[in-house]
Amino acid sequence: MWSLSNIAANIDLWLNEQVGATWAVVLEMVIAGVAVIGLFATLGLVLVIMERKVSAWMQIRLGPNRVGPKGMFQSLADTLKLLVKEGMTPGGADKLLFNVAPFVAMIVAMLLLAPLAFAKDFQLWDLNIGVLYISAVSSISVISILMAGWASNNKYSLLGAMRSGAQIVSYELSAGLAVLAIVVLTGSLRISDIIQAQENGWWLFKGHIPAIIAFIIFIIAVTAETNRAPFDMAEAESELTAGFHTEYSGMKFALFFLAEYANVFIVCAIGATLFLGGWMPFHIGNWTAFNGVMDWIPSSIWFFGKTFALIFLIMWFRWTFPRLRIDQLLNLEWKYLLPISMFNLLLVTLIAIMGWHF
Amino acid sequence: MFLKKYIQDIWGAVKSLATGMKRTGYYFTHHKEIITQQYPDNRDTLVLPERFKGEVVMIHDENNEHACTGCTACELACPNATIKIITKFDVDAETGKKKKAIDTFVYHLELCTMCNLCVEACPTGAIKMAQTFEHSVFDRSQLTKTLNKPGSKIRAGVE
Ligand code: SF4
Ligand code: SF4
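Chains as they are written, first to last, in our numbering: chain A, 10 to 367; chain B, 36 to 194.
What follows is the structure, given as structure tokens:
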């Protein structure tokens, strides 16, 4: 049957026949790189128009409706505009850091794609510490924001960057603890093992209430980590103009913009993998007929469907909730999320040890 | 007790957030609620909300009579001197008494912020906010308007 893993295997076979093993590996890396860039470009376009439509409908507006059918090409037009704009560097800025920062943001997002399983047997790198790798690499993203804010030589940028630093450092903790809950249940850090463990049911359902609590905490924490409203302290356009990317324009700004959406996609993909079974179809006990129909839907559709459902949830948050103040933000993390997730982790451990999960 | 308050806090927060999400979720799925007016396209069928304020007008009835006594309360209430009331004295034909009355109600549309304070201040309800909004002109002086129509006079009985 047609599937992403089949295509990948065929390409691999063909390349090995044509150019030999060594060059095949090199070429495959290039192909993977191009595929990742292509994925990001499409994601950027799709997510931006999705966000604008979702926000418009939630605020009883129409949203973009002029370019293309129902305004669907609006983000293409925006990209074109950003491409031809001049990328300015302010006079007092630290030239090197200022120009490198957007690329760091993009590179972090790209690195995070490596351990994600997009479909059955379709993964760039199934390393044995996948979850650890994800939480380690994702914490680098704060550096790009700090770099941008510091190098801009602008008080708003610096304030935005500082806030973002405080925010990401704190929310990383509860995101990590929520992820740990699943690691404890599975007993493995490897992404493919975690997905395999959900063959007979997703962790969200199998892990009882503690898994649901962990899921909620995870969603809150990653919303904060991706700097999206209600936690968009780093941008806070009504207070800090645009926060850390105030001074950016043209394509360098677009890279930050793209990195934000890429990060949203990635954290939602991670959430879908850990809690909703990644590409695993939805199965109910031993309803064989129902399960057969579910199996028939390709695994990549399952993965992207779940991811986009989570993305929609995060957009829903953004267009419903007002922004938190910085002290409320830190209170929420240190007084509520962290104690709850620690207690929750204990509960999950108890469940895992006693084998109470299904 | 501390724990009880803590849990109550969380419960209250979750509940209020859920209420908000329910509202936006409702709007998301019910597109008939959309209030956007695609203005130049639907110029003929435009529906403006009731409270929309376009400019100040004076209410005249079919006999070309209005209710303005020339008391200048609106002029005093206006925060940016949009209104200038020029008064005159009417002489009563029978008793020969002089009475203050409006001569010209000068309204500078270019200065008006549509704050509605003048309408609130008027003791006789002589002025109101109209919904017209296509005010652009080529010369600024055209924005200075006289609100009382020529030949109009105060309605009998309005003090
Ligand atoms: S609406 Fe406000 S600004 Fe305009 S004339 Fe009345 S009081 Fe003055
Ligand atoms: S419009 Fe009303 S407030 Fe203004 S002068 Fe006339 S009666 Fe007085």
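Backbone N, C-alpha and C fix where the C-beta goes; we use that ideal spot for every residue, glycine too.
(request) Measure the Cβ-Cβ separation of Ala233(A) and Tyr165(A) and say whether it is below 8 Å. (result) no
(request) Give every residue of the same chain whose Cβ lies closer than 7 Å to the Cβ of Cys150(B), excluding the five residues on either side of it in the sequence, and list them in chain order. (result) For Cys150(B), where only same-chain residues beyond five positions count, the Cβ hits under 7 Å are Pro114.
(message) Please return the same chain residues whose Cβ sits closer than 6 Å to the Cβ of Ala361(A), not counting the five positions on each side in sequence.
(response) Val193 and Leu194
(request) Please state if the CB of Leu54(A) and the CB of Leu85(A) are separated by a distance shorter than 8 Å. (result) In contact: Leu85(A) and Leu54(A) (Cβ atoms closer than 8 Å).
(message) Less than 8 Å between CB atoms is the rule here; does Leu52(B) satisfy it with respect to chain A?
(response) yes
(request) Name, in chain order, the residues that DSSP records as bridge partners for Ile137(B). (result) Thr122(B)
(request) Using a cut-off of 7 Å between C-beta atoms, extract the partners of Thr329(A) located in chain B. (result) Gly55, Met56 and Thr59
(request) With 9 Å as the C-beta to C-beta threshold (strictly closer), list the residues of the segment 60-84 of chain A near chain B in chain order. (result) Val63, Ala65, Trp66, Met67, Gln68, Ile69, Arg70, Leu71, Gly72 and Asn74
(request) Measure how close the beta-carbons of Leu283(A) and Ile191(A) come, nearest whole angstrom, since I'm counting them as under 8 Å. (result) 5 Å
(request) Answer yes or no: do Phe63(B) and Trp66(A) have a C-beta to C-beta separation smaller than 8 Å? (result) yes
(message) Am I right that Pro7(A) and Asn19(A) are in contact with their C-beta atoms under 8 Å? What's the rounded C-beta distance?
(response) What is shown of chain A runs 10 to 367, which leaves residue 7(A) out entirely.
(request) State yes or no: is the C-beta of Thr117(B) nearer than 7 Å to some heavy atom of ligand 2? (result) No; taking the cut-off as 7 Å, the Cβ of Thr117(B) has no heavy atom of ligand 2 nearer than that.
(request) Confirm the yes/no value for this check: CB of Phe93(B), any heavy atom of ligand 1, distance under 7 Å. (result) Looking at the sequence itself, residue 93(B) is Met, so the reference to Phe does not match. Outside the cutoff, so no.
(request) Would you mind stating whether Phe140(B) and Thr181(B) have Cβ atoms separated by less than 8 Å? (result) yes
(request) For Tyr180(A), return the contacting residues in chain B, with the cut-off set at a CB-CB distance below 7 Å. (result) Correct list: empty, because the minimum Cβ distance to chain B is about 17 Å.
(request) Measure from the alpha carbon of Gln207(A) to the alpha carbon of each residue in Ala281(A), Leu136(A) and Ser150(A), then state which is nearest. (result) Ala281(A)
(request) Have a look at the DSSP bridge pairing and note the partners of Met93(B). (result) Ile162(B)
(message) Three or more C-beta pairs under 8 Å: does that hold for the segment 108-116 of chain A against the segment 251-270 of chain A?
(response) yes
(message) Measuring only the C-alpha atoms, how far is Gln166(B) from Val82(B)?
(response) 10 Å
(request) Please confirm whether any heavy atom of ligand 2 lies closer than 7 Å to the CB of Thr98(A). (result) no
(request) Drop a sphere of 10 angstroms on the beta-carbon of Pro75(B), count the other beta-carbons inside from all chains shown, and report buried for 16 or more, exposed for fewer. (result) It is exposed - the Cβ of Pro75(B) has fewer than 16 other Cβ atoms within 10 Å.
(request) Could you list the residues in the segment 313-338 of chain A with a C-beta less than 7 Å from some C-beta on chain B, going in chain order? (result) Trp325, Trp328, Thr329 and Phe330
(message) Measuring only from the beta carbon, is Asn151(B) closer than 7 Å to any heavy atom that is part of ligand 1?
(response) Checking the Cβ of Asn151(B) against ligand 1 gives yes.
(request) Please indicate yes or no: does the CB of Pro331(A) lie closer than 7 Å to some heavy atom of ligand 1? (result) no
(message) According to DSSP, is Lys132(B) part of a helix, a strand, or is it coil?
(response) The DSSP-derived three-state label of Lys132(B) is coil.
(request) Taking Phe299(A) as part of the beta strand (DSSP E), name the residues at either end of that continuous run. (result) Here Phe299(A) belongs to no beta strand (DSSP E); instead the alpha helix (DSSP H) covers Thr297 to Trp305.
(request) List the residues of chain A whose Cβ lies closer than 7 Å to the Cβ of Ile70(B), in chain order. (result) Going along chain A in sequence order, the residues near Ile70(B) (Cβ under 7 Å) are Ile69.
(request) Inspect the beta-carbon positions of Val357(A) and Pro239(A) and report whether they are closer than 8 Å. (result) no
(request) Indicate whether at least one CB of chain A lies closer than 8 Å to the CB of Tyr74(B). (result) No, its Cβ sits nowhere closer than 8 Å to a Cβ of chain A.
(message) Taking 8 Å as the cut-off, does the segment 245-262 of chain A touch the segment 194-203 of chain A (at least 3 CB pairs, one atom from each stretch)?
(response) no
(message) DSSP three-state label for Phe131(A), please.
(response) strand
(message) Would you call the segment 314-325 of chain A in contact with the segment 139-152 of chain A, where contact means no fewer than 3 C-beta pairs closer than 8 Å?
(response) no
(message) Taking the straight line between their C-alpha atoms, what separation do you get for His101(B) and Arg86(B)?
(response) 23 Å
(message) Any beta carbon from chain A within less than 8 Å of His66(B)'s own beta carbon?
(response) yes
(message) Going by DSSP, what residue range makes up the alpha helix (DSSP H) through Thr179(B)?
(response) Segment Thr179 to Thr181 is the beta strand (DSSP E) holding Thr179(B); no alpha helix (DSSP H) there.
(request) Determine which residues of the segment 338-354 of chain A have a Cβ less than 7 Å from any Cβ of chain B, and write them out in chain order. (result) Flagged, chain order: Tyr345.
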